[in-house]
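Protein chains in written order, with the numbering used here: chain A, 1 to 146; chain B, 1001 to 1146; chain C, 2001 to 2146; chain D, 3001 to 3146. Heads up, the beta-carbon is just placed ideally off N, CA and C, and yes, glycines get one too. Here the structure comes first, spelled out in structure tokens, and everything after it is commentary.
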């Protein structure tokens, strides 16, 4: 794959900063690559479910966002990309201090971009895969992706 | 299907109240039925994506929660149910004032409960289907579902 | 939705007849509607799994085909539609004499068409829902869909 | 992971031989490992779609079977495993001479086993990833898995 331009990197950072949900989650865009993104967030009460683990919906939202920006990193300047669908399997309880989602482009395409999301739960310094996502982004013309 | 006991209804309300994510979303458990739940939330900046629509991850989280409690409403007193996986297709932009998720049990089972989630976006009083979820809950013994 | 033209109906019948898999399955295109298709096949050893039920993969293939033609029925004359992805949940063993898949367009779109597939198993004259599919077709220009 | 016993290997071979669909597909169980299976099949008219590629439903069926036996290879002697659900994304047209599905256990569990299936299309000696599956097997007690 190619490289990420400085402009595209700034666009992604700016777009991410505009996502109120990511702000509310205190999420950070830790790594920005061409076709690969890493986003993490600390545990807090506002993303918990009833057993005080990370809520499955928050796990899905983080993975969706990481995959979405992985796709956005590879599209053209006159294109935008929207989530068409995603599927997530939960592999272990998201019981820990920090959640890390890694989104990667599996298959670039002119119309569809297929991504994989891996979500890791970190507890006392140890990382464990806790969810796996397979998702599809749809590329559209002439919409700002910022 | 059967009826929801007063005890189970209270358990679900109490469990829902403990979900920090639902609190942060200002979500309400609007309808509690046996095998069917309706949850809604108003638009706010803290659940937005970069275009000021509801974030797809928040759409997924609301549908997951509605489906999850639909499943929990039909399990035994000594059982709990956990999300095994879900898949969501986005049908229209979640551009509106309020998001409503309806979760319904499609197939009850001793081990697996398959649910469907429909998500509607409400704008100026009109409702429109904006996402559809197909998900699987896994029933486990001897874990509190509260 | 609109009506299916005689030409489109013939194209679909002709395309279906060219699918070697459907021929091997002895599958019939029972109902052809605008945005809705019904395909059925009898039980035979060549579509069985090890317990002599319909193989889950054959269940998926039939539902995929019904959904695919439901999408093809609504696209333009200069368009084709390809399966982007599908997800299927198995609700009951496919133990019976005949399998019936009903594919319906849930959401038409210029680029993506989201369909739902319901699969019924028929045994001694009784029908039972045995699987549910949620799938996405991708519309492409300038490819024959015949 | 552990090793596959001679008995389990024979059970899997015997179960595979009983699958009429795999026989009709002329499919071979090429590699049998603990938590990992590889199945392939040649192109033939009886697994084609209308453009003379491998039918997407056949691609799904092969991946489902590879994942299913990967799960069955790791369960206990008194257990069986059934497909609960699967999701498949098509990455490239299955245009070639031979289709190869590799099923791997991603997450073993007492009740659920999550598997990944990779499907490769081989044309003139070159292999290309053409589909990716994420699927869930449900483990049940006291049913013969043969």
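*Who pairs with residue 116/A in a beta bridge, going by DSSP?*
Working through the first chain from its first residue, we reach residue 116/A at position 116. DSSP links residue 116/A through a beta bridge to 104/A, 134/A.
*Which partner residues of residue 1003/B appear in the DSSP bridge assignment?*
For the purposes of this step, residue 1003/B is taken as residue 3 along the second chain, with counting starting at 1. Paired residues: none, contrary to the question.
*If we cut at 8 Å on Cβ distances, does residue 2138/C have a partner in chain A?*
By 1-based counting over the third chain, the position of residue 2138/C is 138. So yes, residue 2138/C belongs to the interface.
*Pull up the distance between the alpha-carbon of residue 3047/D and that of residue 3099/D, whole angstroms please.*
What you label residue 3047/D is simply residue 47 of the fourth chain in a count that begins at 1. What you label residue 3099/D is simply residue 99 of the fourth chain in a count that begins at 1. Distance between the alpha carbons of residue 3047/D and residue 3099/D is about 11 Å.
_So, at 8 Å on beta carbons, what are the nonlocal neighbours of residue 3109/D in its own chain, with the 5 sequence-adjacent residues on each side left out?_
Stepping through the fourth chain from its first residue, residue 3109/D is reached at position 109. Contacts found: 3139.
*Rank 1132/B, 1020/B, 1055/B, 1012/B by C-alpha distance to the C-alpha of residue 44/A and give the top, closest one.*
To locate residue 44/A, count along the first chain from 1; it is residue 44. Answer by Cα proximity: 1020/B.
*What's the call for residue 2050/C, buried or exposed, on a 16-neighbour Cβ count within 10 Å?*
Indexing the third chain from 1 puts residue 2050/C at position 50. Using a 10 angstroms sphere on the CB of residue 2050/C, the tally of other CB atoms reaches 16 or more, which defines it as buried.
*Between residue 1159/B and residue 1131/B, what straight-line distance do the alpha-carbon atoms span, to the nearest angstrom?*
Residue 1159/B is absent from the structure shown; chain B starts at 1001 and stops at 1146.
*Ordered along the chain, which non-local residues of its own chain (more than five positions away) have a Cβ less than 6 Å from that of residue 144/A?*
In the first chain, counting from the first residue as 1, residue 144/A sits at position 144. Its pLDDT being 49, under 50, residue 144/A is placed unreliably in this model, and the coordinates cannot settle the point.
*Quick one, which of 1135/B, 1125/B, 1107/B has its alpha-carbon nearest residue 1117/B's?*
Counting from 1 along the second chain, the entry for residue 1117/B is found at position 117. Checked all of 1135/B, 1125/B, 1107/B; the closest Cα to residue 1117/B is 1135/B.
*Under three-state DSSP, which class holds residue 2047/C?*
Taking the third chain and counting its residues from 1, the one referred to as residue 2047/C is at position 47. Note: residue 2047/C maps to helix in three-state DSSP.
_Residues in the same chain with beta-carbon distance under 8 Å from residue 66/A, minus the five sequence neighbours each way, listed in chain order, please._
Within the first chain, the letter at position 66 stands for residue 66/A. 37, 38, 39, 101, 102, 103, 117, listed in sequence order.
_I want to see whether chain C comes within less than 8 Å of residue 3129/D, judged by CB atoms only; does it?_
By one-based count along the fourth chain, residue 3129/D stands at place 129. Against chain C, the CB of residue 3129/D has no partner CB under 8 Å away; the residue lies outside that interface.
*Min CB distance residue 2145/C to chain A below 8 Å*: Here residue 2145/C corresponds to residue number 145 of the third chain, with the count starting at 1. The pLDDT assigned to residue 2145/C is 46, lower than 50, so where the model puts this residue is not dependable; a value taken from the coordinates is nonetheless given after this. At a cut-off of 8 Å between C-beta atoms, residue 2145/C does not count as an interface residue with respect to chain A.
*Name the DSSP bridge partner or partners of residue 3160/D?*
In this structure chain D extends from 3001 to 3146, so residue 3160/D is not present and cannot be described.
*Any idea which residues DSSP pairs residue 2028/C with across the strands?*
Position 28 of the third chain, counting from 1, holds the residue named residue 2028/C. Looking at the DSSP assignment, residue 2028/C forms a beta bridge with 2040/C.
*How would you list, in chain order, the residues of chain A whose beta-carbon sits under 7 Å from the beta-carbon of residue 1156/B?*
With chain B running from 1001 to 1146 in the structure shown, residue 1156/B is simply not present.
*Closest Cβ-Cβ distance between residue 3065/D and chain C: below 8 Å?*
Along the fourth chain, read from residue 1 onward, the residue named residue 3065/D stands at position 65. Output row for residue 3065/D: interface = yes.
*Using the Cα positions of residue 57/A and residue 2124/C, report the straight-line distance between them to the nearest angstrom.*
In the first chain, residue 57/A corresponds to position 57, counting from 1. In the third chain, residue 2124/C corresponds to position 124, counting from 1. Rounded to the nearest angstrom, the two C-alpha atoms are 43 Å apart.
*asked:* DSSP has residue 127/A in a bridge; who is on the other side?
replied: For the purposes of this step, residue 127/A is identified with residue 127 of the first chain, where counting begins at 1. Paired residues: 122/A.
*Classification of residue 2105/C by the beta-carbon crowding that lies within 10 angstroms, buried from 16 upward*: What you label residue 2105/C is simply residue 105 of the third chain in a count that begins at 1. Buried is the label assigned to residue 2105/C, since at least 16 other Cβ atoms lie within 10 Å of its Cβ.
*asked:* Restricting to Cα atoms, I'd like to know which of 3094/D, 3091/D, 3087/D is closest to residue 3115/D.
replied: If you number the fourth chain from 1, residue 3115/D lands on position 115. Per the Cα distances, 3087/D.
*Please report how far the alpha carbon of residue 2077/C lies from the alpha carbon of residue 1084/B, in whole angstroms.*
For this step, residue 2077/C is matched to residue 77 along the third chain. For this step, residue 1084/B is matched to residue 84 along the second chain. Whole-angstrom Cα-Cα distance: 41 Å.
*Evaluate residue 3127/D with the Cβ neighbour count: other Cβ atoms within 10 Å of its Cβ, from every protein chain shown; 16 or more gives buried, anything less gives exposed.*
Indexing the fourth chain from 1 puts residue 3127/D at position 127. Label assigned to residue 3127/D: exposed.
*asked:* For a test of the three-state rule: what should DSSP assign to residue 3110/D, helix, strand or coil?
replied: Here residue 3110/D refers to the residue found at position 110 of the fourth chain. Residue 3110/D: coil per DSSP, three-state reduction.
*Cross-strand partners of residue 1033/B (DSSP beta bridge)*: Here residue 1033/B refers to the residue found at position 33 of the second chain. 1036/B, per the DSSP bridge assignment.
*residue 53/A versus residue 96/A: straight-line alpha-carbon distance, rounded*: Here residue 53/A is taken as the residue at index 53 of the first chain, counted from 1. Here residue 96/A is taken as the residue at index 96 of the first chain, counted from 1. Distance between the alpha carbons of residue 53/A and residue 96/A: 7 Å.
*Grab the span of the alpha helix (DSSP H) containing residue 3078/D for me, first residue to last.*
In the fourth chain, the residue the question calls residue 3078/D occupies position 78. Careful: residue 3078/D lies outside any alpha helix (DSSP H) and carries neither H nor E.
*Note down, in chain order, each residue of its chain lying with its Cβ closer than 7 Å to the Cβ of residue 1146/B, except the 5 sequence neighbours on either side.*
In the second chain, the residue the question calls residue 1146/B occupies position 146. Note that residue 1146/B scores 44 on pLDDT, short of 50, meaning its location in the model is unreliable and no value can be drawn from it.
_Distance between residue 2068/C and residue 2006/C (C-alpha atoms, nearest Å)_ = To locate residue 2006/C, count along the third chain from 1; it is residue 6. To locate residue 2068/C, count along the third chain from 1; it is residue 68. In a straight line, the C-alpha of residue 2006/C is about 19 Å away from that of residue 2068/C.
*So which residues on chain A does residue 2112/C lean against when the C-beta distance must stay under 8 Å?*
Taking the first residue of the third chain as 1, we reach residue 2112/C at position 112. Correct list: 84, 138.
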